[in-house]
Amino acid sequence: MPSTTDWHPGDDQVVVVRGPKPGGAGGAYRIFGETLRGLKTTFARVVEGTNTIAYPEEKVAVYPRFRGRHRLHRFEDTGLEKCVGCSLCAAACPADCIRVVAAENTPEHRVSAGERYASVYEINLSRCIFCGYCEVACPFDAITMGNDYEMSDYHRSDLIFTKEMLLAEPLERAPIRAEGE
Amino acid sequence: MPRPEPQFITFSIDGREVQAPANEMLVDAAKRGDVEIPVFCYEPKLGAPVGACRMCLVDIEGIPKLQTGCSTPVKDGMVVHTQTKRVKDAQESVLEFLLINHPLDCPVCDKGGECPLQDVSFGWGGGKTRFIEPKRHFKKPLELSPLVAIDRERCILCYRCVRFSQELSEDYQLVLHERGAATFVGTFDGHPYVAPFSGNIIELCPVGALTSRPYRFRARPWDIENSGSVCTLCPAQCNVAFTVRDDRVLRVMARDNDEVDDGWLCDKGRFAYQSVHAEQRIVAPMVRDGGVLREVPWARAIEEATLALKKSGGRVAGLAGGATTNEEGFLLQRLVRDVHGSPHVDSSAGLPRAGLLAMGDPALQATVADLEFAHTVLVLGTEPVDDMPIVDLRLRKGVRRNRMTLAVATSRPSSLDPNAVLSVRYAPGAEAAFVAALSAAFYGGDVDTPARAAGTDAGAVAELAALLRTSGGDEAGDVVVLYGERVLAGGEAVTQPLLKLAGALGLSGRAGAGLLGIPAATNGRGLREAGVVPDAGPGLAELATAGADAAGIAASLTAGDTTVLYLMHTDPLRDQPQRATWDRALDKATHVIAHAGFMTEGIREHATVVFPAESYAEKEGTIVHPDGRLQRLRPAIGRPAGVRAAWQVLDELMRAAGVDTGLHTVHSATRQLFESVPFYAGLTVDTLGGKGLRWWEDEARAAAWPEPAKPGLLATVASSTPTYEAAATPNGALRLGTFKSIWASPEVEASPALKFLHPTQRVELSPVDAERLGIRHGEHVTVGGDGASVAAVAHLRNESPAGSAFLQSGIPEGAANVLEGPLVEIRKAQST
Numbered sequence: 000m001p002s003t004t005d006w007h008p009g010d011d012q013v014v015v016v017r018g019p020k021p022g023g024a025g026g027a028y029r030i031f032g033e034t035l036r037g038l039k040t041t042f043a044r045v046v047e048g049t050n051t052i053a054y055p056e057e058k059v060a061v062y063p064r065f066r067g068r069h070r071l072h073r074f075e076d077t078g079l080e081k082c083v084g085c086s087l088c089a090a091a092c093p094a095d096c097i098r099v100v101a102a103e104n105t106p107e108h109r110v111s112a113g114e115r116y117a118s119v120y121e122i123n124l125s126r127c128i129f130c131g132y133c134e135v136a137c138p139f140d141a142i143t144m145g146n147d148y149e150m151s152d153y154h155r156s157d158l159i160f161t162k163e164m165l166l167a168e169p170l171e172r173a174p175i176r177a178e179g180e
Numbered sequence: 000m001p002r003p004e005p006q007f008i009t010f011s012i013d014g015r016e017v018q019a020p021a022n023e024m025l026v027d028a029a030k031r032g033d034v035e036i037p038v039f040c041y042e043p044k045l046g047a048p049v050g051a052c053r054m055c056l057v058d059i060e061g062i063p064k065l066q067t068g069c070s071t072p073v074k075d076g077m078v079v080h081t082q083t084k085r086v087k088d089a090q091e092s093v094l095e096f097l098l099i100n101h102p103l104d105c106p107v108c109d110k111g112g113e114c115p116l117q118d119v120s121f122g123w124g125g126g127k128t129r130f131i132e133p134k135r136h137f138k139k140p141l142e143l144s145p146l147v148a149i150d151r152e153r154c155i156l157c158y159r160c161v162r163f164s165q166e167l168s169e170d171y172q173l174v175l176h177e178r179g180a181a182t183f184v185g186t187f188d189g190h191p192y193v194a195p196f197s198g199n200i201i202e203l204c205p206v207g208a209l210t211s212r213p214y215r216f217r218a219r220p221w222d223i224e225n226s227g228s229v230c231t232l233c234p235a236q237c238n239v240a241f242t243v244r245d246d247r248v249l250r251v252m253a254r255d256n257d258e259v260d261d262g263w264l265c266d267k268g269r270f271a272y273q274s275v276h277a278e279q280r281i282v283a284p285m286v287r288d289g290g291v292l293r294e295v296p297w298a299r300a301i302e303e304a305t306l307a308l309k310k311s312g313g314r315v316a317g318l319a320g321g322a323t324t325n326e327e328g329f330l331l332q333r334l335v336r337d338v339h340g341s342p343h344v345d346s347s348a349g350l351p352r353a354g355l356l357a358m359g360d361p362a363l364q365a366t367v368a369d370l371e372f373a374h375t376v377l378v379l380g381t382e383p384v385d386d387m388p389i390v391d392l393r394l395r396k397g398v399r400r401n402r403m404t405l406a407v408a409t410s411r412p413s414s415l416d417p418n419a420v421l422s423v424r425y426a427p428g429a430e431a432a433f434v435a436a437l438s439a440a441f442y443g444g445d446v447d448t449p450a451r452a453a454g455t456d457a458g459a460v461a462e463l464a465a466l467l468r469t470s471g472g473d474e475a476g477d478v479v480v481l482y483g484e485r486v487l488a489g490g491e492a493v494t495q496p497l498l499k500l501a502g503a504l505g506l507s508g509r510a511g512a513g514l515l516g517i518p519a520a521t522n523g524r525g526l527r528e529a530g531v532v533p534d535a536g537p538g539l540a541e542l543a544t545a546g547a548d549a550a551g552i553a554a555s556l557t558a559g560d561t562t563v564l565y566l567m568h569t570d571p572l573r574d575q576p577q578r579a580t581w582d583r584a585l586d587k588a589t590h591v592i593a594h595a596g597f598m599t600e601g602i603r604e605h606a607t608v609v610f611p612a613e614s615y616a617e618k619e620g621t622i623v624h625p626d627g628r629l630q631r632l633r634p635a636i637g638r639p640a641g642v643r644a645a646w647q648v649l650d651e652l653m654r655a656a657g658v659d660t661g662l663h664t665v666h667s668a669t670r671q672l673f674e675s676v677p678f679y680a681g682l683t684v685d686t687l688g689g690k691g692l693r694w695w696e697d698e699a700r701a702a703a704w705p706e707p708a709k710p711g712l713l714a715t716v717a718s719s720t721p722t723y724e725a726a727a728t729p730n731g732a733l734r735l736g737t738f739k740s741i742w743a744s745p746e747v748e749a750s751p752a753l754k755f756l757h758p759t760q761r762v763e764l765s766p767v768d769a770e771r772l773g774i775r776h777g778e779h780v781t782v783g784g785d786g787a788s789v790a791a792v793a794h795l796r797n798e799s800p801a802g803s804a805f806l807q808s809g810i811p812e813g814a815a816n817v818l819e820g821p822l823v824e825i826r827k828a829q830s831t
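In the order they appear, the protein sequences are chains R and H. Residue numbering for the first sequence follows numbering that gives the first Met the number 0, beginning at 0 and increasing consecutively. Residue numbering for the second sequence follows numbering that gives the first Met the number 0, beginning at 0 and increasing consecutively.
Following this line, the structure appears as structure tokens:
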């Protein structure tokens, strides 16, 4: 049994090749040449002027397919909710952050187009990993990933978004990048 | 008919040699070779297959066309293929046809996620359809009954529900209307499908056509957890699985146990779970303060109870109801007997120790499954559909499938009469005389006198005796006597001739035959074995001093000899006869300490300390099935904040009295119980397992059953002449019989879905008597006797014997126990 002290890595050892020894022409190149090469990029940007984005006054526009905060939708013509409370999003959710409790529509109180509707629809955004599986699972296109990314809050409980919050327009919409921008 | 002996044959499926019992259906036999054949209509529980859905087509060598696997019995040397292209094409076509009219609304459908049609389409379907025409449409959803919703568009016409109604529960209500694509399921007359077992069709439906209304849209399969336990709402003790979401019970499903429930549930078991979360439930301890029960902290309630028990100076009595577990009963008798030194403990067993020992002799016991395979079953003094509903299905199955001969001997007309070869009626309360007559018919004694006293026909008794004697053809066959334990109220006058009868039929020690008693309350047998009887301790051990039974406790309370009554899940005003006596007795008691889940009359009026009781979904412990099966209750959900386990309360009360109980968990109580009952020796909660265990099947445990004090009750009875009280002669008045409906329980009252079934008082009369009294069906009448009277609605039944009237017990107002009987008079109610 070979001890650890006389361990020999064998022939396929990795040899770290370091740069030339300090001093000489090589040393001078490393000090000036490489630094200047970097500065070339820096100074080339000077002519563009400053490019600071003053968040939160200014916001970065996101791409259209950016997966931000979820949104629930209504039918535009009837105003009924598209969601029927089928819980498939909850089943698909890998973070287990969606809770749906369904109830039955009555003729007097019709909420969705189907027989059932979601009486409770909650997404715990502090758990959500924004994977978009809920959107893929939804058979009625009732839930989509929106573009909003500003969701920080002071209390965890405030990060549980209810159905009303998800159905409502976000208070401030995240700017979206136009095609080809 | 006795159980058939399976003969194994060998056949080949998909190239595998598989052993299976001869004549088993291919679908079942294939499972033995790990081959799954998809089915919709086939369900072994429903009996003979119908081959309606064609999903199970298989290729059998030597038969040119594809055969249905569900209705083809397997034969020796059969070669079956399930993976050939021909079979695949057939399966895909069948599914394509099934889905032609099936709406694809799975996201809305309650069955989605646990739907056989989804599973089979996914596993065996072609995945596409060529059908572009509009689908069939029906109005939906409709109420098939207040409990079941029907969506006819989703129905694939598998006949399961119709077969259940026609062949299992035999209520003959569901039929298929119309023909072809227009076929739909409905009741034959369009009325709601209300029957004691209607909920089973929800579980049978392989698609989402029949759904539970109380569970409608409550949860999806991935939101829930199923938790197995046992239903304690009646002595049948069906094995159930609670569907739990967010710590609430949302549904109850059958958990198949062939030896207990055969995989069925009654509607009470299926829907009364709602009472667990009912608003009326008591969820905090209460103490009577200034005449009113007020909610108090636990410490105060315990203190109050401790003081009351202490002050009584041992003048305590304990009364346990059916929902009490073995552990609770065991601890209650410890509290009353060992800690407070009073012998008065009862669970309304109704028999002295000697009688219990003789009737409970392990050699005489029959099992529930024996009912199905016996040659003859005698139903004596019980209405199974009310007293132990699942047994009703078992008896019907025995008659229909196993050619079992059914004989019914009851005072009230039974729903099993149409299935019985012979039905004999006797006067209410004349069980002793009737059994004496039957036993005399066996031994060649005088039949006429006891038969006349029982108000029955001696010829019919002789016929019944002949039927029992020749049950197995020429020789005596397997006979099971299914008796309601209420008939034993006559004491030795009933048990002696009954045991004599059992001796004559050779029931002792015979497998597949024996006696099966239905206790009046759920855990009647367990409480008895745990020692909650006046004259026997745990394990029915002999006691130095015998206490008073329930009636004796009432008398002793009235006389002031007992001052504190400890009620365990029972309300004497509901559960005991002689309501007026109990009312007085409870009034006289200085303290009534009660564990109760609901504010029933006795608790509301008389209890001084009320401890909230756990519901059956929250309870942990063991109970005993009427056939001796120890079953384990497991908690499915947590208790409400203010509720404590009854064993904890009893433990605290014992500790407060300075006794070290040695209890830490409910399992330590179970262990103490199993250690102190000799015939439970060696059992643990683990050996009981999920399906329970019949303790007397183990020879060592059966041998530990205590010997009766008078040895050889069976042998000596022949010499003694039984004395019996003659049934009262009507002489113008009517004999009062009582019955307790399956729906008469506080749990049903508290369940919104079942409320419509909760019974109101009705008096069942024969048309002959009604004509004499000038009463019409549905008329309001008063039934009176001994100064008390009850308002009821007259209900005329053609089958009802003349001279008797039957009233309901166990209901909140105007129950039968208001009247003391035995004779009553019926008058038209004064119109106001």
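Backbone N, C-alpha and C define an ideal beta-carbon position, used for all residues, glycine too.
Simplified DSSP state of residue i, which is helix, strand or coil
{"i": "Val817(H)", "result": "helix"}
{"i": "Met285(H)", "result": "strand"}
{"i": "Val716(H)", "result": "Note that Val716(H) scores a pLDDT of 43, beneath 50, so its modelled location is shaky; the value from the coordinates is reported in the next line. Reduced to three states, the DSSP call for Val716(H) is coil."}
{"i": "His339(H)", "result": "coil"}
{"i": "Lys110(H)", "result": "coil"}
{"i": "Ser410(H)", "result": "coil"}
{"i": "Val86(H)", "result": "helix"}
{"i": "His776(H)", "result": "coil"}
{"i": "His136(H)", "result": "coil"}
{"i": "Leu467(H)", "result": "helix"}
{"i": "Gln829(H)", "result": "coil"}
{"i": "Leu65(H)", "result": "coil"}
{"i": "Glu371(H)", "result": "helix"}
{"i": "Phe196(H)", "result": "coil"}
Buried or exposed (CB count within 10 angstroms, at least 16 for buried), residue i
{"i": "His590(H)", "result": "buried"}
{"i": "Thr34(R)", "result": "exposed"}
{"i": "Asp246(H)", "result": "exposed"}
{"i": "His7(R)", "result": "exposed"}
{"i": "Asn22(H)", "result": "exposed"}
{"i": "Ser92(H)", "result": "exposed"}
{"i": "Ala791(H)", "result": "buried"}
{"i": "Phe610(H)", "result": "buried"}
Per DSSP, cross-strand counterpart(s) of residue i
{"i": "Asp58(H)", "result": "His80(H)"}
{"i": "Asn123(R)", "result": "Ile159(R)"}
Distance between residue j and residue i (C-alpha atoms, nearest Å)
{"i": "Ala749(H)", "j": "Glu35(H)", "result": "43 Å"}
{"i": "Cys69(H)", "j": "Lys84(H)", "result": "20 Å"}
{"i": "Phe183(H)", "j": "Glu95(H)", "result": "20 Å"}
{"i": "Ala432(H)", "j": "Asp445(H)", "result": "12 Å"}
{"i": "Glu651(H)", "j": "Thr323(H)", "result": "18 Å"}
- Query: Per the contact definition of three or more C-beta pairs closer than 8 Å, is the stretch 267-285 of chain H in contact with the stretch 592-603 of chain H?
  - Reply: yes
- Query: When the Cβ atoms of the stretch 363-378 of chain H are set against those of the stretch 611-631 of chain H, are three or more pairs found closer than 8 Å?
  - Reply: yes
- Message: Between the stretch 137-155 of chain R and the stretch 80-89 of chain R, can you find at least three pairs of beta-carbon atoms closer than 8 Å?
- Response: yes
- Message: Would you call the stretch 513-530 of chain H in contact with the stretch 613-624 of chain H, where contact means no fewer than 3 C-beta pairs closer than 8 Å?
- Response: yes
- Query: Are there three or more Cβ pairs, one per stretch, closer than 8 Å when the stretch 653-663 of chain H is compared with the stretch 332-346 of chain H?
  - Reply: yes
- Message: Between the stretch 777-786 of chain H and the stretch 534-542 of chain H, can you find at least three pairs of beta-carbon atoms closer than 8 Å?
- Response: no
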